[in-house]
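The structure appears below as structure tokens.
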Amino acid sequence: MKVLLTLFLFTHICIAKDGYLFVEGRFDSNERWTSFSKDEQLNVKNLIQQLAKSSSGKDLLLKTKRKAAKQGLTLLDVIRPGSGSLTDTTLIRRFSPSRPEHIAYETKSVVYVNRNLNQYDAILDLAHELTHFVYRREFNPYKSDFSLSEFIKNTIEGTGGEVQAFVRECQVLKELFPVKFNDRYNCGKILNPKTGSISYEMAVQKFYQVGSFGDPFKKLLMQEGILSDFPDINDKEVSFVSSAYGVPYPVAAYKEFKSVMSKVCSNDKKRIAYLDQTKKGRTPASEFLSVYHKKCKGFE
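Going by the numbering used here, 246 is the number at position 238 of the sequence shown; the sequence numbering is gapless.
The following block contains the structure:
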């Protein structure tokens, strides 16, 4: 029966007016989304179709399509099954060993949806990750203005950050599965009791709840001289934990910054060595050293 169903679905691919490739199929919230067919791309198309049934999801898909097109890509190029749900952004830095002072940067992003999720959870994860893809600010850790404070803020409450992605996820849930809204982890906790609408501000407060990490984390921020930048950090029970680090998001962002900067400083050190070799005393690498030492203090 499953084989016959799969063959039937393969024959009913059509192109919608807005350019999406849709397939006809029955939504089963409990079925693994990658079990829809044996064709990986058809499974992604089915997920896209289900998300597009919500106005928020359709808007998100259109914006994703436009952004992908600017890079010469399609929706199917940027949405893929993976071992976990995440938006993988890679910053590529290019320079020639003979001309290390000339640098070109390129950013590429791919959205992965956990292949083991059922259709219901996969749709919501896709909405979450596409929000990162569409709205998240591109950052360049090689620039001198890349700071810990801004990185933590942008990760959590900045454009395309975790709060916005979660709010969009909850909005899609409310539009597609309203009866399940209060059952979804934390979505029901960010409804404004006066208006009944999803509250971005309430979500921000939830993300800054760090529980037992409170005092140690505040000490770290105090040592960095940025504790005053985060008045919302509190010791209330943790609501959101980073899957990548297994700790509350502010703490995870701190760890991620340190990891990124360690790699950045290692790469910059190599570039300075190239400068020493190529300039041969004409323009010494020392002109870059002051910036390097200021940025990489503690990461060398």
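Built from N, CA and C at the ideal position, the CB exists for glycine as well.
**Request:** Using 10 angstroms around the beta-carbon of T95, count the other beta-carbons present and answer buried if the total reaches 16, otherwise exposed.
**Result:** buried
Three-state class that DSSP yields for P89 in the structure shown:
strand
Review point. Roughly how many angstroms lie between the CA atoms of L50 and F44, to the nearest whole one?
Key: 8 Å
Which value, in whole angstroms, describes the spacing of the CA atoms of R176 and D276?
37 Å
- prompt: So K188 is in the alpha helix (DSSP H); what residue range does that whole segment cover?
  reply: Here K188 belongs to no alpha helix (DSSP H), and DSSP marks it neither H nor E.
From which residue to which residue does the alpha helix (DSSP H) around L81 run? Neither: L81 is in no alpha helix (DSSP H) and is coded neither H nor E.
Legend entry - Where the alpha helix (DSSP H) through C178 begins and ends: E170 to L184
Practice problem: Give the C-beta separation of Y193 and P258 to the nearest angstrom, bearing in mind that I take them to be a contact with Cβ-Cβ under 8 Å. | Solution: About 19 Å separates the two Cβ atoms, so there is no contact after all.
Would DSSP call D36 helix, strand or coil? coil
Closest to V255 by CA distance: which of K53, L69 and G219 is it?
G219
Alpha-carbon spacing of V31 relative to V142, whole angstroms
No answer about V31 holds up, because its pLDDT of 49 lies below 50 and its placement is not dependable.
Opening and closing residue of the alpha helix (DSSP H) in which F3 lies: Lying outside 9 to 308, the shown extent of the chain, residue 3 is not represented and no answer is given.
**Item:** Span separating the alpha-carbon of R144 from that of G65
**Value:** 17 Å
| query | Pairing CB atoms from the region 160–172 with CB atoms from the region 259–278, are three or more of them under 8 Å? | reply | yes
**Asked** Under a three-way DSSP split, which group does K116 fall into?
**Response** strand
Item to complete: Can you tell me which of the three DSSP states L125 falls into?
Response: coil
Handout entry: Counted within 10 angstroms of its Cβ, other Cβ atoms place S117 as buried (16 or more) or exposed
Key = buried
Is it the case that the Cβ atoms of T72 and V52 are separated by a distance below 8 Å? no
Whose C-alpha, out of S267, G306 and I280, is nearest the C-alpha of P149? S267
Please list, in chain order, all residues of the same chain as S247 whose beta carbon is under 6 Å from its beta carbon, the five residues on each side excluded. N194, K214 and Q217
Nearest to E245 by alpha carbon, out of G222, L83, M269 and K226? G222
* Cα-Cα separation, V190 to Q179 -> Residue identity differs from the one stated: residue 190 is Asn in this sequence, not Val. Answer to the nearest angstrom: the Cα atoms are 12 Å apart.
Quick check: what's the CA-CA separation for S274 versus P89?
32 Å
Residues of its chain near I234, where Cβ-Cβ distance is below 7 Å and the 5 sequence neighbours each way are ignored: L156 and S157
Between which residues of its own chain and L229 is the CB-CB distance below 7 Å, once the five residues before and five after are set aside?
L235 and F238
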